[in-house]
């Protein structure tokens, strides 16, 4: 299978583009450095509150072969239209099947080679530092289960008055959970955060699961299901 990317409505394979170069290095860590007088070296306070990263830079180079001038001109306009119409959205790269970036197009440059009837396109993206998986991994679907990093655990809870439980998140991952209230009336509590869940999916922007054990409480009566896009550093 030829390598390709999908970004919103932009699908490099459907446009007849051949991916020739790909650059997706790990992001740089955000560092807090203090040069303290009368001491050797520096003090690094970067990880006092956890490890944080800058955005990731992604760069892809594509070529379109055997295209006359009109075809190259129309293709360039189509690429600009399809790829630049979005803010941060999912970018799927066949190099990492099952994962995606949350990315935004930052640059698009084109080289029109009339002699060889070839169009070269370079797309540059800014992306969130983690790669994400759109697999909750709580269903009994073992074809998509990664035995190296996935954890088989319960994500579907029947709450009767009070339930205190936890989720296990592997190291080097961050999870932004969505609590879906299937039925009943339930309140979510974690640390100092409290939220009355509504029927349907409830975003929890103040909750991030990481660092292995993540304890929370469900109070009330009803059924709650947890979903998430899992962030991994890879």
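In the working numbering, the protein residues as written are 12 to 245. Glycine included, C-beta positions come from ideal geometry on N, C-alpha and C.
#1: So what's residue 1 in DSSP terms, helix, strand or just coil?
#2: Please determine if the segment 222 to 230 and the segment 162 to 175 are in contact, where contact requires at least 3 C-beta pairs separated by less than 8 Å.
#3: How close, in whole Å, do the beta carbons of residue 74 and residue 18 come, if the pair is a contact with beta carbons under 8 Å?
#4: What is the rounded straight-line gap between the Cα of residue 221 and the Cα of residue 124?
#5: Cβ of residue 89 within 8 Å of Cβ of residue 64?
#6: Alpha carbon to alpha carbon, how far is residue 86 from residue 120? Give it in angstroms, no decimals.
#7: With DSSP as the reference, identify every bridge partner of residue 217, one or two as the case may be.
#8: Pick out whichever of 68, 28 and 110 has its Cα sitting closest to the Cα of residue 38.
#9: Find the nearest neighbour of residue 93 within the set 244, 130, 16 and 129, judged by alpha-carbon distance.
#10: In the DSSP assignment, what are the bridge partners of residue 115?
#11: Express the C-alpha separation of residue 110 and residue 187 in angstroms, rounding to a whole number.
#12: If you run the structure through DSSP and keep just helix, strand and coil, what is residue 83?
#13: Could you tell me whether the Cβ atoms of residue 201 and residue 129 are closer together than 8 Å?
#14: Closest to residue 245 by CA distance: which of 199, 214, 143 and 196 is it?
#15: Give every residue of the same chain whose Cβ lies closer than 6 Å to the Cβ of residue 149, excluding the five residues on either side of it in the sequence, and list them in chain order.
#16: Quick check on the DSSP output: the beta strand (DSSP E) that includes residue 65 runs from which residue to which?
#17: For the putative contact between residue 114 and residue 91, defined by C-beta atoms under 8 Å, what is the C-beta separation to the nearest angstrom?
#18: Tell me which same chain residues have a C-beta within less than 6 Å of the C-beta of residue 28, skipping the five on either side of it?
#19: Leaving out the 5 sequence neighbours to the left and right, which residues in its chain are closer than 7 Å to residue 217 when beta-carbon positions are compared?
#20: With 8 Å as the threshold, decide whether the Cβ of residue 239 is near any Cβ in chain D.
The answer reads as follows:
#1: This structure gives no information on residue 1, because the portion of the chain shown stretches from 12 to 245.
#2: yes
#3: No, residue 74 and residue 18 are not in contact; Cβ-Cβ is about 18 Å, not under 8 Å.
#4: 49 Å
#5: no
#6: Those two C-alpha atoms are separated by around 13 Å.
#7: For residue 217, which the question treats as bridged, DSSP gives no partner whatsoever.
#8: 68
#9: 16
#10: BP columns for residue 115 point to 137.
#11: 15 Å
#12: Three-state result, residue 83: helix.
#13: no
#14: Relative to residue 245, the option among 199, 214, 143 and 196 whose CA is nearest is 143.
#15: Its pLDDT being 49, under 50, residue 149 is placed unreliably by the model, and the measurement read from it follows with that caveat. Excluding positions up to five away in sequence, the list reads 166.
#16: Where residue 65 is concerned, there is no enclosing beta strand (DSSP E), given that its DSSP letter is neither H nor E.
#17: Between residue 91 and residue 114 the Cβ distance is about 16 Å, and since that is not below 8 Å, they are no contact.
#18: 73 and 75
#19: 204
#20: Protein chains in the displayed structure number just one, and chain D is not present.
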